[in-house]
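First comes the structure, then the notes that go with it.
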Amino acid sequence: MRRGPLAGTEDPRLIRGKRLRKTEPLPLRYQSTDREDLYYHEAQTSSLSWGADEWFWTELCLVDTYFGSEEKHKTYFTGCQEGDGFDPPVGGRFRMTTPRFDPREYFLLKLRFRTEQAVTEYSALIETFNSRMDEYARTIRRVFEDDNKRTNTRTISDVIETAQLFIDGISGITDAWDTFSRTELVIFTTYLPERSTWPTYINIIIRNVAELDRLRKLLLIRRDHFKFKLDSLHTVSSLSQTYTGNLQAETAVNQGNDLKILTKMTVYVAFPLLFTTALFSMDFVRPKYPWAVFFGVSADIVGELYDCFAAELKESVDEV
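Counted the way the UniProt record's numbering counts, the sequence shown spans residues 1 to 320.
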């Protein structure tokens, strides 16, 4: 984890238009009180020891990172004689003037210091991330439905994805150590030199791996918590959409019923009245008792309306 700005810390090396090592912003910047511009960087460390025997061997250690300080790698040897300086494979923890000639001891030392480095890096990263997750979890504790922009859904998804990325990275280290300790560790516990410090190195490595596993379990708990919250938001959103759909369907049915009643009113009321008015307006139609005809038409309309609404009422009762 490094502070921004991004332009000063990301890997400038490109392969087919993509950066060799990825750099991503640490989530929840604007949901935290610190609001620091923090980024996490991909890094890989590879090491190989080989030789004919314990007296003739070679060590290769490839540390592939880029955090902006790599251009200053010569500081390991500043002011030193040729062949002197701090030993890079062990992270500069001791000088090359006091080399470890036994390849097994050197391998354990290198593994000890590199696991310590992994614990330091992951602890700073995950503790900061966990603090941000804790703050964000408190703010959305009473939030049961997302907004129209799905702000919390997208934020929680980013948190889950980042947590899973860290979990996978730590699991790669702990699983590799578990496999190594079951199959290869016997090489370092058999025929030990007198007053050997190797068991101490091994115990330190075990403690470092255990600390990494603790951080991994912390992330697992956080990931599961946010997964549950995300599922809750999805459930409420689905129920809200179902309710809205049912409400729209009910509105459509009511509008259809209203249109049906309006049509019947037009047929049974408006048309007879308009027809009667038009008929009486003709010069050749002059009934002797026009009011009697009018009341007769009105009675017929009332009868039709009664039959119409009686049928509607019967349909409603049958549906209930």
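Glycine included, every Cβ here is placed at the ideal spot set by N, Cα and C.
With C-beta atoms as the reference, is residue i less than 8 Å away from residue j?
i, j, result
"Pro-89", "Ser-47", "yes"
"Ala-118", "Ile-173", "yes"
"Arg-21", "Ala-43", "yes"
"Lys-229", "Ile-126", "no"
"Leu-26", "Phe-129", "yes"
"Lys-217", "Ile-160", "no"
"Ser-49", "Trp-57", "yes"
"Asp-34", "Thr-23", "no"
"Arg-100", "Tyr-106", "yes"
"Trp-177", "Val-209", "yes"
"Met-1", "Tyr-40", "yes"
"Leu-192", "Tyr-122", "no"
Whose C-beta lies closer than 7 Å to the C-beta of residue i among residues of the same chain, with five residues either side of it excluded?
i, result
"residue 327", "Absent from the structure is residue 327, since the part of the chain shown begins at 1 and ends at 320."
"Asn-94", "Note that residue 94 is Phe in the sequence shown here, rather than Asn. If we look at Phe-94 and ignore the five residues flanking it on each side, its Cβ neighbours are Asp-87."
"Arg-3", "Glu-36, Asp-37, Leu-38"
"Ser-171", "Arg-216"
"Tyr-243", "With a pLDDT of 49 at Tyr-243, under the threshold of 50, the modelled position of that residue is not reliable, and no figure is offered here."
Which word fits residue i, buried or exposed, when buried means at least 16 other C-beta atoms lie within 10 angstroms of its C-beta?
i, result
"Ser-232", "exposed"
"Phe-188", "buried"
"residue 321", "Limits of the chain in this structure are 1 at one end and 320 at the other, which puts residue 321 out of reach."
"Val-186", "exposed"
"Leu-239", "A caution first: Leu-239 carries a pLDDT of 47, below 50, which makes its placement in the model too unreliable to give a value."
"Lys-110", "buried"
"Ile-15", "exposed"
"Asp-175", "exposed"
"residue 335", "Here the chain comprises residues numbered 1 to 320, so residue 335 is not present and cannot be evaluated."
"Asp-146", "buried"
Within its chain, find whatever has a CB closer than 8 Å to the CB of residue i; leave out the 5 residues flanking it on each side and keep chain order.
i, result
"residue 321", "Residue 321 is absent from the model: the chain starts at 1 and stops at 320."
"Glu-194", "none"
"Thr-155", "Pro-27, Leu-28, Gln-31, Tyr-136"
"Gly-51", "Trp-57, Thr-58, Pro-103"
"Arg-13", "Arg-19, Leu-20, Arg-21, Tyr-66"
"Ile-167", "Arg-216, Leu-219, Leu-220, Arg-223"
"Trp-198", "Arg-104, Glu-105, Leu-108, Phe-188, Thr-189, Leu-192"
Return the bridge partner residues of residue i from the DSSP annotation.
i, result
"Phe-86", "Arg-95"
"Phe-56", "Asp-53"
"Ser-232", "DSSP output for Ser-232 lists no bridge partner at all."
"His-41", "Thr-23"
"Val-63", "Thr-45"
"Leu-14", "Arg-19"
"Arg-3", "Leu-38"
In chain order, what residues of the same chain lie with their CB nearer than 6 Å to the CB of residue i, ignoring the 5 residues before and after it?
i, result
"Arg-19", "Asp-11"
"Leu-60", "Leu-48"
"Asp-158", "Pro-27"
"Leu-62", "Ser-46"
Would you be able to state if there are at least three C-beta pairs under 8 Å between the segment 102 to 116 and the segment 190 to 210?
-> yes
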